[in-house]
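Just below is one structure, and these are the notes that go with it.
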Amino acid sequence: MATAVALPAPVLPFAAPQEELKPIPVVTAEHSLLEIDREMDVLFDHIQDELEEAGEPSQESKALFEQLCDVFGDKVDRIGRFIRVMEARAAYCKGEASRLATRGRVAENKVDQTKALILYFLQSRDVTKMEGKQFTLRRQKNSQDSVRILDPSLIPLRLKRVEARFDGALWEQIIAAVPIETRTLLLAGIQDTTPVSDAIKQAIAQNEEVAGATVTRGYHVRVA
Numbered sequence: 001m002a003t004a005v006a007l008p009a010p011v012l013p014f015a016a017p018q019e020e021l022k023p024i025p026v027v028t029a030e031h032s033l034l035e036i037d038r039e040m041d042v043l044f045d046h047i048q049d050e051l052e053e054a055g056e057p058s059q060e061s062k063a064l065f066e067q068l069c070d071v072f073g074d075k076v077d078r079i080g081r082f083i084r085v086m087e088a089r090a091a092y093c094k095g096e097a098s099r100l101a102t103r104g105r106v107a108e109n110k111v112d113q114t115k116a117l118i119l120y121f122l123q124s125r126d127v128t129k130m131e132g133k134q135f136t137l138r139r140q141k142n143s144q145d146s147v148r149i150l151d152p153s154l155i156p157l158r159l160k161r162v163e164a165r166f167d168g169a170l171w172e173q174i175i176a177a178v179p180i181e182t183r184t185l186l187l188a189g190i191q192d193t194t195p196v197s198d199a200i201k202q203a204i205a206q207n208e209e210v211a212g213a214t215v216t217r218g219y220h221v222r223v224a
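For the sequence shown, my numbering assigns the number 224 to the last residue and increments by one with no breaks.
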């Protein structure tokens, strides 16, 4: 419960009563940073009123200011620790995702190799299946033909799918230089485009108007 500072009695009977001082806030550890910040604003206004009246802040105001600083510091430390923990957790999860993806690829390779050995065994003995107590390993014909790549370097480029990356400026030059029919095919082959921040910064630095983007100097939170 907030408490208000009592007003001094007017010296002259006809003197107008002075403006009431703002109530001093009560600090609790459960208050958020924003609440503590608002309480500090109220306290600073109250201290300013005390300075105008008595020339110095009261002991109660000084004690409350120290309490606010302590609670504020505790809140900051808790937020800093939380950010550190979340950063460590994010790094761990990313590392685990990479590790599990690698293990998944290894497992897939082992499955493929095992199936290839089983298929070789069945074909070499001219049998179609092997039965166990729980599983049956069966040799079945595929529903469609499959291609076996013996040497990728010998396959003509026209029989390959080409995946390439170009900067937008070079791509525009390529599109402008080819016939209209080829241009249509090239444009139809675009799967995705991603804005390049460095190119946008350079264009705007050269006073070029870039629709859909701006360059501003922002802020970030650094935990030290």
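Note that the Cβ used here is the ideal one computed from N, Cα and C, for glycine as well. For clarity, every value in this text was computed on a predicted model and none was experimentally measured.
Beta-carbon spacing of residue i, residue j below 7 Å
i, j, result
"leucine 68", "methionine 40", "yes"
"alanine 213", "isoleucine 200", "yes"
"isoleucine 175", "arginine 183", "yes"
"threonine 196", "isoleucine 204", "Before going on, a small fix: residue 196 reads as valine here, not threonine. No; because the gap between Cβ atoms is not below 7 Å, this pair is not in contact."
"leucine 137", "isoleucine 155", "no"
"glycine 73", "valine 223", "no"
"isoleucine 83", "serine 61", "no"
Environment of residue i [buried if 16+ CB atoms lie within 10 Å]
i, result
"leucine 51", "exposed"
"histidine 220", "exposed"
"valine 127", "exposed"
"leucine 64", "buried"
"valine 71", "buried"
"leucine 43", "buried"
Given residue i as reference, the closest of the options once Cα atoms are compared
i, options, result
"aspartate 192", "Ile204, Ile175 and Ala164", "Ala164"
"lysine 129", "Tyr120, Phe135, Phe121 and Arg139", "Arg139"
"glutamine 173", "Leu187, Lys160 and Arg161", "Leu187"
"lysine 75", "Val42, Lys141, Glu35 and Gln134", "Glu35"
"arginine 161", "Asp167, Leu122, Pro152 and Ala169", "Pro152"
"leucine 277", "Asn109, Ala107, Lys141 and Lys110", "Absent from the model: residue 277. The displayed extent of the chain is 1 to 224, so no value can be given."
Local conformation of residue i per DSSP, three classes
i, result
"glutamate 131", "strand"
"leucine 137", "strand"
"valine 71", "helix"
"serine 230", "No information on residue 230 is available, as it lies outside the stretch 1 to 224 that the chain covers here."
"valine 214", "Note that residue 214 corresponds to threonine in the displayed sequence, not to valine. Three-state result, threonine 214: coil."
"glutamine 59", "helix"
"histidine 46", "helix"
"valine 76", "helix"
"asparagine 207", "coil"
"glutamine 123", "helix"
"proline 23", "Residue placement at proline 23 cannot be trusted, given a pLDDT of 46 that sits under 50; the coordinates are not used to answer."
"valine 106", "helix"
"tyrosine 92", "helix"
"threonine 182", "helix"
"isoleucine 155", "coil"
"alanine 116", "helix"
"histidine 220", "coil"
"alanine 169", "helix"
"alanine 164", "coil"
"aspartate 192", "coil"
beta-carbon residue i near the ligand MN non-hydrogen atom, thresh 6 Å
i, result
"glutamate 50", "The model on display carries no ligand, and the ligand MN is accordingly not part of it."
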